[in-house]
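Quick note, the sequences are listed as chains A and B, same order. Residues 1 to 559 (the working numbering) make up the first sequence, in order. Residues 1001 to 1559 (the working numbering) make up the second sequence, in order. All remarks here apply to the structure that follows.
2 protein chains.
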Amino acid sequence: MQRSPVEQASQPISFETTPDRYRHWRLEVEGGTARLIWDVREDRPLRPGYVLKLNSYDLGVDIELADAVQRLRFEHPEVGAVAIVSGKERVFSAGANIHMLASSSHSFKVNFCKFTNETRLAIEDACAASGQRYLAACNGVTAGGGYELALACDEIVLVDDGSSAVSLPEVPLLGVLPGTGGLTRLSDKRRVRRDHADIFCTTAEGVKGQRALDWRLVDAIAPRSRFDGLVEDRVAQLAAGAPGKDGPGVPLPPLGSKSGENELAYTLLHVGIDRRARTATFRLQGPKGKPPADTGALRREGSGTWMLRLFRELDDAICRLRFNEEEIGVWLFRTEGDPDLVAAHDAALSRLAPSDWFAREVLLFAGRVLRRLDVTARTLFALIEPGSCFAGCLLEISLACDRAYALDDPGRPVGLRLSPLNFGALPMGHGPTRLQTRFLHRPEALEVLRKRTGAGEPPRFDAKAAVEAGLLTIAADEIDYEDEVRVAIEERSSLSPDALTGMEASLRFPGAESMESKIFGRLSAWQNWIFQRPNAVGEHGALKCYGRPERPAFDWRRT
Amino acid sequence: MQRSPVEQASQPISFETTPDRYRHWRLEVEGGTARLIWDVREDRPLRPGYVLKLNSYDLGVDIELADAVQRLRFEHPEVGAVAIVSGKERVFSAGANIHMLASSSHSFKVNFCKFTNETRLAIEDACAASGQRYLAACNGVTAGGGYELALACDEIVLVDDGSSAVSLPEVPLLGVLPGTGGLTRLSDKRRVRRDHADIFCTTAEGVKGQRALDWRLVDAIAPRSRFDGLVEDRVAQLAAGAPGKDGPGVPLPPLGSKSGENELAYTLLHVGIDRRARTATFRLQGPKGKPPADTGALRREGSGTWMLRLFRELDDAICRLRFNEEEIGVWLFRTEGDPDLVAAHDAALSRLAPSDWFAREVLLFAGRVLRRLDVTARTLFALIEPGSCFAGCLLEISLACDRAYALDDPGRPVGLRLSPLNFGALPMGHGPTRLQTRFLHRPEALEVLRKRTGAGEPPRFDAKAAVEAGLLTIAADEIDYEDEVRVAIEERSSLSPDALTGMEASLRFPGAESMESKIFGRLSAWQNWIFQRPNAVGEHGALKCYGRPERPAFDWRRT
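What follows is the structure, encoded as structure tokens:
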């Protein structure tokens, strides 16, 4: 039996849960619509020391939300629209819990903001990619992170009662920025004019009623008497436009992982931690058998189908290592298996996806996990060795890495290969595929690879050929490989973790930008900076003074 | 007589200089090419306390470079290519001076990086917009900011002598990022593959010879015996492709400003500082007379032509206030004059620009100044009152502001109007015009304005109409205006300067991104964060330990 969040207070954080274990949310599905009701239990924070008043939230609340959003996609394909509604009267949410933030370490705060934003991106991905639309039913106070959750929805409905307002009070009240992408979603998603956004974000009490509508902060308003009816109508309308998805949902059972002091063991993934070297080694298993031949076979495999299982395990491991193993700065990725079988699974899902929602959801999920890897503040190295299966969707992991090293042994070639999934189904957060960003300087060479793969003759590479083709960083023979890798890891582990975080975030996303990459790259960087500054976290900083009688004392120098 | 940089040590920093007063650079013009020779004087730092060894640089060095780049465009239109060469043997540059950085305040460091990057953007603007191409002749050690300067050039030539390398050693040696856009220029401008960039940026000794060429870090290499010849050939070739520009250059005389304790007084601009309110009020004068009728008349006006003079004064004031008045957090913009005359000057320069390089340079310069304003970490409010002339290029200033307030007095309408310059000649750093970012949510309304302006019927607006059209934030009548503005300023001045900086940087650039905006928005934010972290600036941080025997002691937690 797993422990409840409260019992885990000083335990490693777990990211697995199920609706029957939710403390803070209820998921009600009825026909083509669902209600996701948040009714945060004040007395059930993830760690002791703060009270979750007024639907304010902490990581524990958001882990349940992320679980619900994920389950809606796999277990409730019939749901075309989801209303996020509050279980509290006249309060949608007061946002992220300030006392939790004020008492958290810098790295926890940063990772908390990253995770909550990933959850909101998952909502947007459900709207955009799966036609599962979300509506925020703002029945009262909708502040800070509460409004940021609303911003992640397709539609925002606000009660018009003369007092209920949406607000982002972080700048005026706390001296920090909204931490979950709010500013970028205002400007880029909702296209709120920047002077309106400027007033809105500096007005602690927020904006209500008609002005909220005029300024594009919400999509509809209604007096309290007609509020529930409006929400119902809008949700029904959103659901009516949803694409039909056949068949029952696919349940997502617990992963059943085992964790030891220095390892996380799943079925298809093993993560081993070397604390002295400050590294974690991910070993991912390729498929053992052939892919499902058709939709029926895929459904019979359900959540056990290789790609879904592997990426669920990888997703869980990423989250756990981010939060529970902050000092493990270098992640090494190894794979084991048959590259042709990986490519066969890729091909099967590619083939089924246009007509089968479940196949599509598996690919969309793999894309989200890979994007979570892309924005992970750890050094990522791929180690490509004989017996590995860096093909297709697993090659994406290598392409997501900062460097890839291969052991070049002509007698045991590593057998990298491409699959159709490398050419569009698994895009990075800023838009292009990982191959496109890698071939930015010679798109014509990529076009040749694409054509060959599309024609059913995917190019295969041994280590040397892969380096020549630009897919790997370094190939070394048996004599040099071990030393080369060891020195690279030791060097990396000796560098400033902060400088590496900034460098990796800058080099991983060349070229294009998107709202998503602007949030992670630009907004988060500003927020990280502000979170460190004495004006926020110093003895007289705004974040420290919040809730106390004294006013913050600022160093007025602008940078 | 103005003071030398050294004598100014504890004085406000001045940004005006002339080639005959350069300490660190020599500008040699010969026919269609120029040599910009940097030979930094060790004993002439901007402030006492550090020695500028090995062509390392400080703000004083960069102010001279910025001046030279600007004069090359206006005073030497015949120059088609510029070689940046070192006056020192086997050293191009060791980069920004570390001891200067380690002894500087956070806000100085951040503004130093911003200014140096703006200078590099000015080089890129000369290459892209004026066909004045730059080549970096890297005759030896080319490290950190030295290589970042090379990255700003169109071409990089490196001596191939078995030891000379280009490098970005900031991450491994100092625990910070390259501070002048180096990472983004690697990935986005030179399209260096990210794993190569990763190795390069973590290798203190850098990359030399053939590998530097293979990895796209440089464009050509040559042994020492053929290095000068190669540089000469390449510069001649770049110059041969330059567009011809008629007529002599236009000298840029000193601005002749007067500064008092609380003011900067120029001819067309007055800046008054209210230290208690922490505001600066910019008063910009519109033109007094008609615009030059033709190229001949424009040349006779030379540097005295209204738009050039005004924007030179504005540029100087922005730089001085950024560095010398860090606590003045709100900048207020007022204009005085005839909006129709502003529009007439805009129209004249628009008309002449396609055939006249000087007219074009004036517009390009106005664009650079406005972009400097866009990335200034101060709150910008426009105050639009009777007698003002917020038309065309001056309306851009209002559009660059975070908010615009207008006094709505039907008897004395404010007379805003558009000009052709609002529709493309003065783009923001991320690509679109200020009007395009403002009308992101209704581009069709902007299209109407564009058509009317293009047809010679530019729309005019009084305060109310301007608010309705979406050009202004708030119009208030005489009874309310003063209170409205006063309260807004007081409220703004009470907020955390850091939170405002992050908020403004996020809201000012909706939608598109460019290399320029990625540098200012993403890379700079990461750098600011890292600059604050104990791992860099703590007692045992890498920046503090540099040059000392002990190794830095890092907090290994990744965020």
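Cβ coordinates follow ideal geometry from the N, Cα and C atoms, glycine included.
> So, D125/A versus T1473/B, is the Cβ gap smaller than 9 Å?
Replying inline: Between D125/A and T1473/B, the gap from beta carbon to beta carbon reaches 9 Å or more.
> Who does A1034/B pair with in a DSSP beta bridge?
Replying inline: V1029/B, V1082/B
> In chain order, what residues of the same chain have a beta carbon less than 6 Å from the beta carbon of V1342/B, not counting five sequence neighbours either side?
Replying inline: Excluding positions up to five away in sequence, the list reads G1286, C1389, A1391, G1392, L1394.
> Exposed or buried, what is D408/A when buried is set at 16 or more other beta-carbons lying within 10 Å of its beta-carbon?
Replying inline: With 16 or more Cβ atoms within 10 Å of its Cβ, D408/A is classed as buried.
> Since V1330/B is in the beta strand (DSSP E), which residue starts that stretch and which ends it?
Replying inline: 1330-1336
>> Between N1535/B and chain A, is the shortest Cβ-Cβ distance under 9 Å, so that the two count as touching?
In response: yes
>> Check whether the region 1093-1108 of chain B and the region 1128-1135 of chain B touch, using three or more Cβ-Cβ pairs below 8 Å as the test.
In response: no
> Taking DSSP as the reference, what is the three-state secondary structure of I479/A?
Replying inline: helix
>> Residues of the region 189-211 of chain A in Cβ contact with chain B at a cutoff of 9 Å, in chain order, please.
In response: R190, R191, V192, R193, R194, D195, H196, A197, D198, I199, C201, T202, T203
> Of all Cβ atoms in chain A, is any one closer than 9 Å to the Cβ of V1171/B?
Replying inline: yes
>> Going by DSSP in three states, T1376/B sits in which element: helix, strand or coil?
In response: In the three-state reduction of the DSSP assignment, T1376/B falls in the coil class.
> Where does K1210/B land, buried or exposed, given buried means 16+ other C-beta within 10 angstroms?
Replying inline: Correcting the residue identity first, residue 1210/B is Gln in this sequence and not Lys. Taking all protein chains in view, the Cβ of Q1210/B is surrounded by fewer than 16 other Cβ atoms within 10 Å, so the residue is classified as exposed.
> Of all the CB atoms in chain A, is at least one closer than 9 Å to the CB of L1059/B?
Replying inline: no
> How is T116/A classed by DSSP in three states: helix, strand or coil?
Replying inline: helix
> Where are the beta strand (DSSP E) runs, 3 residues long or more, that stay fully inside the region 191-228 of chain A, in chain order?
Replying inline: 220-222
>> So for P1005/B, helix, strand or coil by DSSP?
In response: Residue confidence is low: P1005/B scores 39 on pLDDT, short of 50, so the model does not pin down where it sits. No coordinate-derived value is stated.
> Name the residues in the region 1473-1499 of chain B whose C-beta lies less than 8 Å from a C-beta of chain A; which are they?
Replying inline: T1473, E1491, R1492, L1495, S1496, P1497, D1498, A1499
> By Cβ distance below 7 Å, which residues in the same chain neighbour H106/A in space, the five residues on each side in sequence not counted?
Replying inline: F531, Q532
> Around the Cβ of G570/A, are there at least 16 other Cβ atoms within 10 angstroms (buried) or fewer (exposed)?
Replying inline: The structure shown has nothing for residue 570/A, since chain A only spans 1 to 559.
> Q1532/B versus chain A: which residues are under 8 Å apart at the beta carbon?
Replying inline: Counting only Cβ-Cβ distances below 8 Å, Q1532/B has contacts in chain A at W529, Q532, R533, in chain order.
>> Contact between the region 1227-1235 of chain B and the region 455-474 of chain A is defined here as three or more beta-carbon pairs at a separation below 8 Å; is this criterion met?
In response: no
> Taking Cβ positions, are R1558/B and I328/A nearer each other than 9 Å?
Replying inline: Contact: yes.
>> Cutting at 7 Å between CB atoms, please list the residues of its own chain near P1016/B, excluding the five before and the five after it.
In response: Rather than Pro, the amino acid found at residue 1016/B in this sequence is Glu. So the qualifying residues of the chain are P1254, L1255, D1316.
> Cα separation between L213/A and D219/A?
Replying inline: 6 Å
> Do you know offhand how far A34/A's Cα is from K53/A's?
Replying inline: Straight-line measurement puts the Cα of K53/A at about 25 Å from the Cα of A34/A.
> According to a CB-to-CB cut-off of less than 8 Å, which residues of the region 293-307 of chain A neighbour chain B?
Replying inline: Along the region 293-307 of chain A, there is no position whose C-beta sits under 8 Å from a C-beta of chain B.
>> Using beta carbons (cut-off 9 Å, strictly below), is H1561/B in contact with chain A?
In response: For chain B, the structure presents residues 1001 to 1559; residue 1561/B sits outside this window and is missing.
> Do you know offhand how far S4/A's Cα is from L1446/B's?
Replying inline: Below a pLDDT of 50, predicted positions are generally treated as unreliable, and S4/A, at 39, falls in that range; no measurement from the model is reported.
>> Buried or exposed, going by whether 16 or more other CB atoms sit within 10 Å of the CB of V1330/B?
In response: buried
> P48/A: which of N97/A, V110/A, V485/A, R216/A sits nearest, CA to CA?
Replying inline: N97/A
> If you compare alpha carbons, which of Q1011/B, W1215/B, G1060/B, A1081/B is closest to E1028/B?
Replying inline: A1081/B
> Hey, how far is the Cα of R312/A from the Cα of R73/A?
Replying inline: 14 Å
>> Please return the same chain residues whose Cβ sits closer than 6 Å to the Cβ of S1136/B, not counting the five positions on each side in sequence.
In response: Residue identity check: residue 1136/B is Ala in the sequence provided, not Ser. Result list for A1136/B: I1084, A1150, C1153, I1156, in chain order.
>> Quick check on the burial criterion: 16 or more other C-beta atoms within 10 angstroms. Buried or exposed for K1451/B?
In response: exposed
>> Would Y1050/B and H1099/B be called neighbours here (beta carbons separated by less than 9 Å)?
In response: yes
>> Between I563/A and chain B, is any beta-carbon pair separated by less than 9 Å?
In response: With chain A covering only 1 through 559, there is no way to say anything about residue 563/A.
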